[in-house]
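A quick write-up on the structure given underneath.
4 protein chains.
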Amino acid sequence: MAGNSFGQAYKITTFGESHGGAVGVIVDGVTPGVEITLEDIQKELDRRKTGQSYITTPRKEPDKVHFMSGVFEGKTTGTPLMMILYNKDAQPSAYNDIKELYRPGHADYTYSRKYGIRDWRGSGRASGRETAGRVAAGALARKILRDKGVNILAYTRRTAGIEISSFDPEVIEKNPLRAPDMKAAEEMNRIISKIKDEEDSMGGIVECRISGVDPGLGEPVFDKLDAELAKAMLSIGAVKGIEFGKGFAAADMRGSEHNDQMSADGFITNNAGGIIGGISTGEEIIFRIVVKPTSSINKVQRTVSKEGKEQEIRTEGRHDACICPRIIPVVEAMASIVLLDHIKRLGAMHI
Amino acid sequence: MAGNSFGQAYKITTFGESHGGAVGVIVDGVTPGVEITLEDIQKELDRRKTGQSYITTPRKEPDKVHFMSGVFEGKTTGTPLMMILYNKDAQPSAYNDIKELYRPGHADYTYSRKYGIRDWRGSGRASGRETAGRVAAGALARKILRDKGVNILAYTRRTAGIEISSFDPEVIEKNPLRAPDMKAAEEMNRIISKIKDEEDSMGGIVECRISGVDPGLGEPVFDKLDAELAKAMLSIGAVKGIEFGKGFAAADMRGSEHNDQMSADGFITNNAGGIIGGISTGEEIIFRIVVKPTSSINKVQRTVSKEGKEQEIRTEGRHDACICPRIIPVVEAMASIVLLDHIKRLGAMHI
Amino acid sequence: MAGNSFGQAYKITTFGESHGGAVGVIVDGVTPGVEITLEDIQKELDRRKTGQSYITTPRKEPDKVHFMSGVFEGKTTGTPLMMILYNKDAQPSAYNDIKELYRPGHADYTYSRKYGIRDWRGSGRASGRETAGRVAAGALARKILRDKGVNILAYTRRTAGIEISSFDPEVIEKNPLRAPDMKAAEEMNRIISKIKDEEDSMGGIVECRISGVDPGLGEPVFDKLDAELAKAMLSIGAVKGIEFGKGFAAADMRGSEHNDQMSADGFITNNAGGIIGGISTGEEIIFRIVVKPTSSINKVQRTVSKEGKEQEIRTEGRHDACICPRIIPVVEAMASIVLLDHIKRLGAMHI
Amino acid sequence: MAGNSFGQAYKITTFGESHGGAVGVIVDGVTPGVEITLEDIQKELDRRKTGQSYITTPRKEPDKVHFMSGVFEGKTTGTPLMMILYNKDAQPSAYNDIKELYRPGHADYTYSRKYGIRDWRGSGRASGRETAGRVAAGALARKILRDKGVNILAYTRRTAGIEISSFDPEVIEKNPLRAPDMKAAEEMNRIISKIKDEEDSMGGIVECRISGVDPGLGEPVFDKLDAELAKAMLSIGAVKGIEFGKGFAAADMRGSEHNDQMSADGFITNNAGGIIGGISTGEEIIFRIVVKPTSSINKVQRTVSKEGKEQEIRTEGRHDACICPRIIPVVEAMASIVLLDHIKRLGAMHI
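Quick note, the sequences are listed as chains D, R, G and U, same order.
Quick note: the first sequence uses the numbering used here, first residue 343, plus one each step.
Quick note: the second sequence uses the numbering used here, first residue 343, plus one each step.
Quick note: the third sequence uses the numbering used here, first residue 343, plus one each step.
Quick note: the fourth sequence uses the numbering used here, first residue 343, plus one each step.
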């Protein structure tokens, strides 16, 4: 009943705090006989790692992954796949000044209230570092999906008031924002660098497109494909909302506009974002998530101590001025896990 | 692995199609000894029923609920609580003309592709009637929550291009839109009535506020309170997106603006919408969902038959021009189930 | 976290007390497109029903099953299959004398202590009538399994001190004990009839053989096929133990005797009972369960009232002198559910 | 749907093969704030380790446990507790001769057939070494239970044809069989040492007694306390059966003998073994499991190769002549996990 597992037929269970011994994941339900290398996993983890540009945190985390079980002679065995990333030597003294304070926007207060105890080194379990296990598990899922013709692509759609106005998937990995519009990306980067210099941070919108999904995926009435994707995305720390297809714009639309009519060639529009009745239509699945501005900023803010005494706080250190580019591999990983899980579930139903 | 159950410690499993024998729910994990009457349940079901105003469907559904188990001498026993609502006599002939056609915006096509078989009477399992079981299970949860000081209130925030500009909870049940602003409600109703006369429908935004939740609710890292609420809401047929607190507006905000700073009196702002790190902060929980325009419209639309032949279709009948007011009790029910489930889960952790 | 569901890919949730409105089951994960009739289900239910012989209770229960959802035009749709059996008019007055007493061997005391409230009419949720839902769900599973070549056969192996000494499956349904040895069955029946006349009851051993299971079924390390069958069997009211293959006799065996060696024709022996390492070997699966003597007897026994006052009690009425023959369809149903569930789970793993 | 997790409110997920990088466990649902040391865990692991006497394998396994997460400043934090035991350097060459052969009584054949791939070093995932994770997770559960007054004690009741005839809990840890009867233990040890010299092995019966459990534990109708204990025990490699209270002897008993009657002082007898209707009665919980003779023996046996060719095999090496004493800590661990899980589940129900 605690909530550290996700998925049913492809089930992941993550563990680890930012300053404990390690973070990692157990994947249960792995298809046996899949060729997999550490490099396949590491490649995705490297996209998530720190220090990739001026606007992301220059902290260096040791993100080297190890297999501890479930792989034999280069292939998955179908038994639990355990992947682990050791933490570097903890320097808890660096966190001494926040030990007694709740950082605004952070989960310090809520963890304290929930558990009655808090690992105050870094953000403990609420650290973004926990997502390394998700990305590792997602990398394997993604590889299996790719062989089934399913492709998942996430990118920054909007930040710093700039929205992309063109779409070239080739440039996504070539700019620090992971935006598919090089011109917009440069402008975004310029503004966020300035915000960073002002010791502040910025939110944004990440969009995800999934192609190659056959019609029929998703399990009504509760485990609808969009419901599960929503849960998966909202389980990522900084995400505060999600919308599919036309999303919130549908509030101002009429049925005659929003309904996706059909011709002999298939759906004429895709306002639904590839999911109707919680089941994939075969069209591209499209959703957007909103990413809140990074909570850690160097600006002075008001807060209270554990004893409730008012204090000022500056979350000193090297933070991501915009977390969108580093959330993208996590979005892709979680989407991969949801899809593979549902492909397996659909298969079981038809047996 | 099919997906007709929701919740863990307060778990509901719904069954039923719109034109089968019945719809209903089994609730497992009911607190024993809770006083409950059929009227407590019926009252919530009546808010969901058809024929409440000009803009909702005038179809008459027999929404009378029966207890079949789990209640003895007016109290819950802790064993599975089964509640059933019989369907009226099916008139499948009324659906003969859509038997071979996929209605635009409906789940006809996706159900056919998923299951290879489709109950074409009404919308089968994809019918809004399925939510009666949810509302029944939610009514009990809501009663238990109320005794714990938790109150849940949903209402129409926007439709037909009109947004509420005042907030009076007393008027919500007094206008057909269930909007907390009487003046806005009248304008919404006027426009939607006109849209209905034009044989069309309209989307909208429903907002939900939950007060009285202690800090500490929600199970990181996957079953975060917002993640579970998101799944619960996206599992409702017409919902295409959700946002918490500032929601999508956070994309254009800075950390120094969005972070909820604290004083000795508690949080100074509530931009997070009452949830940080997936755990309740003790502030009011606020989220908004977008409701797509009703798919069933009398206007002529393009579609194809099961054989892929192009055809025109008019989904004749008496439809909801805006489904927001009837979705509100379902939103409240699902929120109740999520909250009670998490209160029980939190309790188990601390044992 | 309450425990009224069983299975994952073929999941059943039962509801109902003996004297509430109804008992029944929701099956989730049904293969769509399977031809099924009420008669297919009723046939198995009739094997479980009361009044089949002198040694079983002559009470008449209305065991007529109804489909409420999940079946359309004679085929399963893949949506939740709900089956219900209404209870006859409750005559709670018949139970007035046990309202305040705990019947020895019954769950009256434990239910009271667990829930703090007890439906004292009949045995409430602890009634054998609850198994009707299991038998109904098992009947569908069994039909699907039969098409896959899997056959499940349970029978009385021992009761009243008589053990079968021959095995003819044809005679099982032709004697009141459901024993595969007509001569033994007659002797069993003679002795148990006498025990019944003495207002007492008798235990026994039921054996189950499952053929046609391919090697590879079962999910290590916790959901081993024998572990799941053990749980399924021990979840049946009167069952107090289970053993596979040589079972408890293995305590006195050497490895060289117990190990099933292999030749080019396959396993030479089947001491393991068809399961090694929690996975089916392809040999016949064999297990035995011990059934305690029926708790309800007319003999005078010592007990206490709810207030702890000592009293004498006679559980008057018409009881099963030996419950083995009526447990057999439940054993077969639960075994069917376990096997189909695992076939689906195995399929999902290999996707 | 793979089966490497056990429990709901206190949930363990194990990973690891005997010759991969490590074995271990993630525990989810840990009560926060519990004082725990590595020594608390190590102490239980040491009881399971190899090389404790002549009749157990003299192989030396590195059973040193490490915390990787979920513990901070000597206390549990409520986040996933990960415990890991690294494997010593694999010497896969030692297993070259069995690489192509199925060892009789081992899971080699069934794993090959299930997964289509097999880690042939040691017994891979089917190795007894997997249980180290269970024992580690059980050690924490046991500590929490002890504080609640619950005590769990398992011991060898029978092996080598010798049954205990006295019961002194003090001597259990003082003889290599872990039997509570010193005289019987000596005789067991003498016979098994001889069997070991004959390159053979021996089965046995382990009994478990649990005291201090309040009435009311267990979740009807499927997650009955005995059903869950049965699953837990049958999930242990060498276990082939389980019985509660009078167990299989109940087959020959009458209701008037088996029923546990009550006086003002409580139950007069405990034939049920402390569980009625799947719920604890408050009496001592008693069950027995049968342990098959160790499959690995040095004696020559018949088997086939992967290609189905007949061959002779001797599973050379240093094996346990009787596995009972090493299974005992695993039995206690799994019983602890079942009980703590159910105490948490019961708590959640009453909220």
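Glycine included, C-beta positions come from ideal geometry on N, C-alpha and C.
Computed from a predicted structure; not experimentally measured.
Does any CB atom of chain B fall closer than 8 Å to the CB of residue i?
i	result
Ser411 of chain D	The structure shown contains no chain B; the protein chains it does contain are D, R, G and U.
Could you tell me how far apart the beta carbons of residue i and residue j are, in whole angstroms, since I believe they sit closer than 8 Å?
i	j	result
Thr645 of chain U	Pro446 of chain U	6 Å
Ala496 of chain R	Val673 of chain R	4 Å
Ile679 of chain U	Ala483 of chain U	5 Å
Leu423 of chain G	Val372 of chain G	5 Å
Met544 of chain U	Pro671 of chain U	Not confirmed; about 19 Å, so no contact.
Tyr453 of chain D	Gly619 of chain R	6 Å
Ser360 of chain D	Arg463 of chain D	7 Å
Would you say residue i reaches chain U, if we count a Cβ-Cβ gap shorter than 8 Å as a contact?
i	result
Ile693 of chain R	yes
Arg467 of chain D	yes
Ala690 of chain R	yes
Lys385 of chain R	no
Ile537 of chain D	no
Gly560 of chain R	no
Name the DSSP bridge partner or partners of residue i?
i	result
Asp565 of chain D	D:Glu561
Val365 of chain D	D:Leu427
Thr418 of chain R	R:Val413
Phe586 of chain G	G:Phe629
Gly546 of chain R	R:Thr501, R:Val633
Met604 of chain R	R:Phe609
Ser553 of chain U	U:Asn493
Lys353 of chain D	D:Asp370
Is it buried or exposed for residue i, if we count other Cβ within 10 angstroms and need 16 for buried?
i	result
Ser508 of chain R	exposed
Ser605 of chain G	exposed
Gly587 of chain G	buried
Val642 of chain R	exposed
Gly583 of chain R	buried
Arg551 of chain D	buried
Lys651 of chain G	exposed
Lys536 of chain R	exposed
Counting contacts by CB-CB distance shorter than 8 Å, is residue i in contact with chain D?
i	result
Asn696 of chain R	Outside the displayed range of chain R (343 to 693) lies residue 696 of chain R, so it cannot be described from this structure.
Val646 of chain R	yes
Ala364 of chain U	yes
Glu626 of chain R	no
Thr452 of chain R	yes
Using a beta-carbon distance below 8 Å, is residue i in contact with chain R?
i	result
Gly659 of chain U	no
Tyr457 of chain G	yes
Gly545 of chain U	no
Pro374 of chain G	yes
Does residue i have its Cβ less than 8 Å from a Cβ in chain G?
i	result
Asp523 of chain U	no
Met424 of chain D	no
Gly619 of chain D	no
Asp461 of chain R	yes
Between the stretch 565 to 591 of chain R and chain U, which residues of the former have a C-beta closer than 7 Å to a C-beta of the latter? Cβ contacts with chain U come from no residue of the stretch 565 to 591 of chain R.
When you check each C-beta in the stretch 478 to 501 of chain R against every C-beta of chain U, which residues fall closer than 8 Å? Only those residues of the stretch 478 to 501 of chain R whose C-beta falls short of 8 Å from the nearest C-beta of chain U would be listed, and there are none.
Could you please tell me which residues of the stretch 663 to 686 of chain G, in chain order, have their CB closer than 7 Å to any CB of chain D? Under the 7 Å Cβ criterion, the stretch 663 to 686 of chain G contributes Ile685, Lys686.
Contact set between the stretch 592 to 607 of chain U and chain G, restricted to residues whose Cβ is under 9 Å from the partner: Cβ contacts with chain G: Ala592, Ala593, Asp594, Met595, Arg596, Gly597, Ser598, Glu599, His600, Asn601, Asp602, Gln603, Met604, Ser605, Ala606.
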